[in-house]
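So the sequence lines, in the order shown, correspond to chains Y and F. Using the working numbering, you'd call the opening residue of the first sequence number 56 and step up by one each time. Using the working numbering, you'd call the opening residue of the second sequence number 906 and step up by one each time. Glycine included, each C-beta is placed from N, C-alpha and C at the ideal position. As the structure is a computational prediction, the values presented were derived from the model and not from experiment.
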Amino acid sequence: DSDFSAHDEL
Amino acid sequence: MNIFRFFGDISHLASIFILIHKIHTSRSCRGISFKTQVLYVAVFVTRYLDLLYSWVSLYNFVMKVFFIASSCYILYLMKVRFRPTNDPSIDTFRVEYLVGPCAVLALIFNYGYAVTEVLWSFSIFLESVAILPQLFMLQRTGEAETITTHYLAALGAYRTLYIPNWIYRYFSEGYVDPIAVTAGLVQTGLYLDFFYVYFTKVLQGQKFELPA
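Next comes the structure, spelled out in structure tokens:
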């Protein structure tokens, strides 16, 4: 995962 | 997690409960675009594939499972349980005009050429426009039941609250996700007309009616 992607958001 | 994102997610949850409540109490899915609901299932399934291989938190896990399950349940309500109340003849937005461009955008803009990353981008782009068949239907019929407008308002509030969340994250974590932010701004923008009528009419106790 990129540090700059909102993968931790819903 | 910050309060903007938390209340955004709560608003998203609320919108789904409002929709299910509307369908159950009126025993009808009149005024609801089936196409938009199908798009939401596609959005959730393609975005939450990471349920299978990554763990963020219990909160994250429960919400993802709920969004997938509830969106599928809504399709069941519309296509099986209350099928006679669903009128496809007014749900005429051409979904391929949304899915195609979103797929192309996802292939161009993503965070890595892996199937899961491209599908994640696709889901972000698709979510930003998934409400269009619903808004188009509203435009066509020119009016909506009050409860349906509460559903749309809660859904619009959800993405609107994600904007201060991103501003907060930019300052607190030095973090910015250009794909999510761009798509999020577009998505919120699509609600502006609706919000205008909602605030000036529905919240003043009037019926949601568009000028002829």
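Sheet register partners of residue i (DSSP bridge)
i       : result
F:A1049 : F:F1113
Segment limits, alpha helix (DSSP H) that includes residue i
i       : result
F:K1149 : In the structure as shown, chain F starts at 906 and stops at 1117, and residue 1149 of chain F therefore has no counterpart that could be examined.
F:K927  : I908 to S931
F:K1022 : It is Glu, not Lys, that sits at residue 1022 of chain F in the sequence shown. Here the alpha helix (DSSP H) through F:E1022 covers V1020 to V1034.
F:Y978  : L963 to Y981
Nearest-angstrom Cα separation, counted from residue j out to residue i
i       : j       : result
F:Y1080 : F:V948  : 24 Å
F:F1030 : F:P1006 : 9 Å
F:L1115 : F:A1049 : 9 Å
F:L1108 : F:V946  : 30 Å
F:S959  : F:C934  : 36 Å
Y:S57   : F:G1089 : Only weak support is given to the placement of Y:S57: the predicted model assigns it a pLDDT of 48, under 50, and the value that follows is read from those uncertain coordinates. So the two alpha carbons sit approximately 19 Å from each other.
F:I979  : F:E1032 : 17 Å
F:D955  : F:W1071 : 21 Å
F:I925  : F:Y1103 : 20 Å
F:I928  : F:Y1096 : 22 Å
F:L1003 : F:F939  : 15 Å
F:S1077 : F:V961  : 19 Å
F:N907  : F:L1010 : 29 Å
F:P1069 : F:F912  : 11 Å
F:S916  : F:A1117 : 31 Å
F:F909  : Y:D63   : 15 Å
F:Q1111 : F:L957  : 46 Å
F:Y1101 : F:T1046 : 18 Å
F:L1040 : F:V943  : 15 Å
F:T1105 : F:G1094 : 18 Å
8 Å contact criterion, which residue i and residue j should meet: CB distance rounded
i       : j       : result
F:T1051 : F:F972  : The Cβ separation is near 25 Å, so there is no contact.
F:M1042 : F:D1098 : Their Cβ separation, rounded to whole angstroms, is 14 Å, which puts F:M1042 and F:D1098 out of contact at 8 Å.
F:A1035 : F:T941  : 6 Å
F:T951  : F:F998  : That belief does not hold up - the Cβ atoms of F:T951 and F:F998 are roughly 20 Å apart, past 8 Å.
F:D914  : Y:S60   : About 18 Å; that fails the 8 Å criterion.
F:V1000 : F:P1038 : 7 Å
F:T1053 : F:I937  : 7 Å
| Stretch pair the region 1056-1068 of chain F + the region 1005-1023 of chain F: three plus CB contacts closer than 8 Å | no
| request: Give a yes or no on contact between the region 907-925 of chain F and the region 964-984 of chain F, applying the rule of three or more CB pairs nearer than 8 Å. | output: yes
| query | Does the pairing of the region 1020-1028 of chain F with the region 1060-1075 of chain F give three or more beta-carbon distances under 8 Å? | reply | no
| message | Contact between the region 983-1000 of chain F and the region 952-966 of chain F is defined here as three or more beta-carbon pairs at a separation below 8 Å; is this criterion met? | response | no
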